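The block underneath contains the structure these notes are about, expressed in structure tokens.
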Amino acid sequence: MISVDPIRAEVVARYLLGVTEEMSAALMRTAFSPNIKERGDCSTAVFDHLGNVVALPQRVPIHLGSMVGVVQAVLERFPRQEIRPGDMFLANDPYNGGGSHLPDINVISPVFIEGEIVAYVACIAHHADVGGMVPGSEAAVCQSIFQEGLRIPPVRIVSAGQVNRDVFDILMLNSRTPDERAGDLRAQIAANTVGQRSVQTLFERYGVAQTQAIMAAYLDFTERRFAAAIAKVPPGRYEACEYLDGVEEGEKAAIRLVLTVGEGKLGFDFAGSAPQLAAARNIPLRALVATVYTVVKSLLDPDVPANSGYFRTMDISAPAGSVVGPVSPAAVGARSISCAVLGDAIAAALSQAMPERALAGCGPHQLIVLAGTDPRTGGYYVNYETIAGAMGARAYQPGVDAVRVHASGSSNLPVEALEHAYPFLIERYALRRGSGGAGRHRGGQGVVRDYRALGDDTVLSLSSERQNVPAAGMAGGADGALGEFILNPGTSGERRLPPAAAEIRLRRNDVLRVCTPGAGGYGTLA
1 MISVDPIRAE VVARYLLGVT EEMSAALMRT AFSPNIKERG DCSTAVFDHL
51 GNVVALPQRV PIHLGSMVGV VQAVLERFPR QEIRPGDMFL ANDPYNGGGS
101 HLPDINVISP VFIEGEIVAY VACIAHHADV GGMVPGSEAA VCQSIFQEGL
151 RIPPVRIVSA GQVNRDVFDI LMLNSRTPDE RAGDLRAQIA ANTVGQRSVQ
201 TLFERYGVAQ TQAIMAAYLD FTERRFAAAI AKVPPGRYEA CEYLDGVEEG
251 EKAAIRLVLT VGEGKLGFDF AGSAPQLAAA RNIPLRALVA TVYTVVKSLL
301 DPDVPANSGY FRTMDISAPA GSVVGPVSPA AVGARSISCA VLGDAIAAAL
351 SQAMPERALA GCGPHQLIVL AGTDPRTGGY YVNYETIAGA MGARAYQPGV
401 DAVRVHASGS SNLPVEALEH AYPFLIERYA LRRGSGGAGR HRGGQGVVRD
451 YRALGDDTVL SLSSERQNVP AAGMAGGADG ALGEFILNPG TSGERRLPPA
501 AAEIRLRRND VLRVCTPGAG GYGTLA
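In the UniProt record's numbering, the protein residues as written are 1 to 526.
Following this line, the structure appears as structure tokens:
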């Protein structure tokens, strides 16, 4: 049994978190697409030799779940004895060891010391187009995963330090924007190279046995810390229900949750949730666990390290074939918007157990994908964007305006970067005044953003939630305003667009207005 010095353990833990930040900086600074280099739609992680997440920066929470199990998925296809120094592996399929939807591409790399694997590093990046029936490879109207893009199980993308051209070329051929994909994928490879080097330095400093013992001890510490936070929650059974939009206008799909609080343990049972949809609103396993882990962490102990230690304190079950447990070939592309609604169900159950920390319903981001030929260059572009919604009011303070909620974490694309990269003029970008639900504490306000098309062949795809079922107020607070998409607002041709659609054609000078949902208020007005 190796004795672990607590001060050294903290130094090592902070070092590893620094490694993930260094990897993220390398990835974002070398990426080609605005979605990664400007919006930061990417994450990085360090794992121990068993595949447990040891360090993960607080960047895009839904990627937390996408990292869980990736090492095990690689080892199921590639025995350790077949993995060599300089190898890297790639995967994106949520049903076969990838992320939580196809645009999220994982790259996983072993770290070797004297011929033995001692750890792993990985990065995940959202690629703006990986094929499929619509530009951007994500639309709520997709009915199966086969419509959403190229599916990749764990494969070797780098072999002994050399890029596998066969795999690389298949990925490029299936994207509408291959130059961007090549730049972004090479940025991921570079980020992992940075991570491997830094982790090797740590192992060389303290030795393999000592470093691995410290990693294990840090996970154990994290588990004990979070179990202590759970122990402060009154034991019991708490129920909540939220609703996703269904396939047809006006339909709803229930997310039902029974939360059981025990001694140092939380149980999440989603039995009774609606059957999986013939739409891309379904929430696959990795997105489900990421949302649970994130919401529980934010309400119980926001500063606990994001690693596998605190994951051990939670048991999560969801019926196979449901909206929170879909089976192939269910479409899952728009899962991050659905996860905002899922997050509200989790928060509602926890709010019953902890009314002093209660959180009202939140307004999720809205997704648009604009694509076409850029008249300035003649090249084809795909602008994948999500626009922030709003956080619900708390029992003790107003909600937060214009912010990502629950599992979402990337940024709005800055106006200057958008207009530089794509043929659009942003004519309005403001808070959506009055969209937050009234109450003793007002709900957060959403965003209004107007896009004027400067090209002749623009196509638009839309995905959303909370355009039919509002974010609920709590303890007498009012609901938040519904989101909406409006074409040519304030003109004779004004019309409301559907909450989910694929490839709507825009003419030059058409204006798209995106209004993201407001959040629920808390408490009655005095």
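Virtual Cβ for every residue (Gly too), placed ideally from N, Cα, C. In this text the structure is predicted, and so the values were computed from the model without any measurement.
8 Å or more divides the Cβ of residue 42 from the Cβ of residue 66.
With fewer than 16 other Cβ atoms inside 10 Å of its own Cβ, residue 241 counts as exposed.
Taking a contact as a CB-CB distance under 8 Å, the pair residue 138 and residue 369 counts as one, their CB atoms being some 7 Å apart. Here the segment 447 to 457 lies against the segment 512 to 524, with 3 or more beta-carbon pairs under 8 Å apart. Secondary structure note for residue 181: its alpha helix (DSSP H) is the uninterrupted segment 178 to 206. Residue 166: member of the alpha helix (DSSP H) spanning 165 to 173, first to last residue. Rounded to the nearest angstrom, the gap between the Cα atoms of residue 180 and residue 33 is 6 Å. DSSP, read as helix, strand or coil, puts residue 305 in coil. In this structure residue 261 does not touch residue 302 by the C-beta definition: roughly 19 Å separates them, more than the 8 Å allowed. For the pair of segments examined, the segment 450 to 466 was found to touch the segment 337 to 344: the number of CB pairs separated by less than 8 Å reaches three. Under a 10 Å Cβ-count criterion, residue 456 is classified as exposed, with fewer than 16 other Cβ atoms of the shown protein chains found around its own Cβ. If you ignore the 5 residues before and after residue 198, its C-beta comes within less than 7 Å of the C-beta of 19 and 22, all in its own chain and listed in chain order. Excluding sequence positions up to five before and after residue 17, its CB lies within less than 7 Å of the CB of 55 and 57, all in the same chain and listed in chain order.
Cβ-Cβ separation between residue 214 and residue 8: approximately 7 Å, consistent with a contact (criterion under 8 Å). Around the beta-carbon of residue 99, 16 or more other beta-carbon atoms lie within 10 Å, marking it buried.
For residue 314, the enclosing beta strand (DSSP E) begins and ends at 314 to 317. In this structure, the straight-line span from the alpha carbon of residue 4 to that of residue 264 is close to 24 Å. In this structure, the CA atom of residue 434 is about 13 Å from the CA atom of residue 363. The straight-line gap separating the alpha-carbon atoms of residue 308 and residue 172 is approximately 34 Å. Between residue 461 and residue 501, the beta carbon gap of about 7 Å places them in contact (Cβ cut-off 8 Å).
Judged by their CB atoms, residue 279 and residue 140 are nearer to each other than the 8 Å cut-off.
Residue 522 sits close to residue 440, with the two beta carbons spaced by under 8 Å. Residue range 236 to 245 is occupied by the beta strand (DSSP E) that includes residue 236.
DSSP, reduced to helix, strand and coil, places residue 454 outside both helices and strands of the structure shown, so it counts as coil. If only uninterrupted alpha helix (DSSP H) runs of at least 4 residues are considered, those enclosed by the segment 61 to 116 are 62 to 67 and 70 to 77. Residue 129 places its beta carbon less than 8 Å from that of residue 382. Less than 8 Å divides the Cβ of residue 400 from the Cβ of residue 444. Residue 352: member of the alpha helix (DSSP H) spanning 335 to 353, first to last residue.
A check of alpha carbon separations from residue 230 across 285, 313 and 290 identifies 313 as the nearest. Partner residues in the beta bridge of residue 159, as assigned by DSSP, are 162.
The DSSP-derived three-state label of residue 492 is coil. When the Cα atoms are used, residue 423 and residue 174 turn out to be separated by approximately 24 Å. Here residue 24 carries a helix assignment [DSSP, helix/strand/coil].
Counting only unbroken stretches of 4 or more residues, the alpha helix (DSSP H) elements lying wholly within the segment 266 to 307 are 285 to 300, in sequence order. Per the DSSP secondary-structure output, residue 45 pairs in a beta bridge with 122. Beta-bridge annotation (DSSP): residue 515 is paired with 448 and 484.
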